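The structure under discussion appears below in the form of structure tokens.
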Amino acid sequence: MAAALNGVFPSTLQENVQKSKILVVGAGGIGCEILKNLVLSGFPDIEIIDLDTIDLSNLNRQFLFHREHVGKSKAQVARESALQFNPDVNIKAYHDSIMSTDYGVSFFKKFDIVLNALDNRAARNHVNRMCLHA
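If you read the sequence shown in the UniProt record's numbering, its first letter stands for residue 1, the second for the next number, and so on.
Below you can see the structure in the form of structure tokens.
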């Protein structure tokens with residue numbers, strides 16, 4: 001996939017894309033779009049976290065999910081669906097709360113870019129604090 005983008009991005013930008021480690025927090029409507037765009041843009045190393053499961057009401061706006069996914073982990077299914085766009089990407093999914101003590105400053109230090117796609121103010125604020133301290 002990344003080879004298909006050669007000539008689209010300046011070489012220095014493409015090199016930065018290839019070296020970046022990305023965290024996507026939230027696998028809902030915005031998180032699905034972000035994950036798809038990252039995968040299609042050639043980012044090779046992505047982690048995604050969401051504590052929610054797929055509900056029937058999600059299907060009209062969260063295009064990575066289908067009826068057979070109802071009740072399953074959003075993060076896990078988003079990973080599986082995104083890999084269909086580019087199977088060469090390394091995507092790690094966590095079905096967990098970003099506010100868990102497992103995801104402290106040391107966890108956030110692993111990433112070059114953190115994309116916050118949460119719909120919960122307390123969790124968004126937590127992610128912002130972790131990024132500022134990382």
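Just so you know, even glycine gets a beta-carbon here, dropped at the ideal spot from N, CA and C.
Here the structure is a predicted model, which is why all the values come from computation and not from measurement.
Item, Value
"Reference PHE107; option with closest CA among VAL17, ILE22, PRO10, GLN14", "ILE22"
"Assigned exposure category for PRO87 - 16 Cβ within 10 Å defines buried", "exposed"
"Presumed contact (8 Å Cβ cut-off) between ALA78 and ALA93, rounded CB distance", "7 Å"
"9 Å Cβ cutoff met for LEU115 and ILE49", "no"
"Selected residue, minimal CA-CA separation from MET99, among GLY29, VAL127, ASP52", "VAL127"
"Cβ neighbour criterion (16 or more within 10 Å) applied to ILE113", "exposed"
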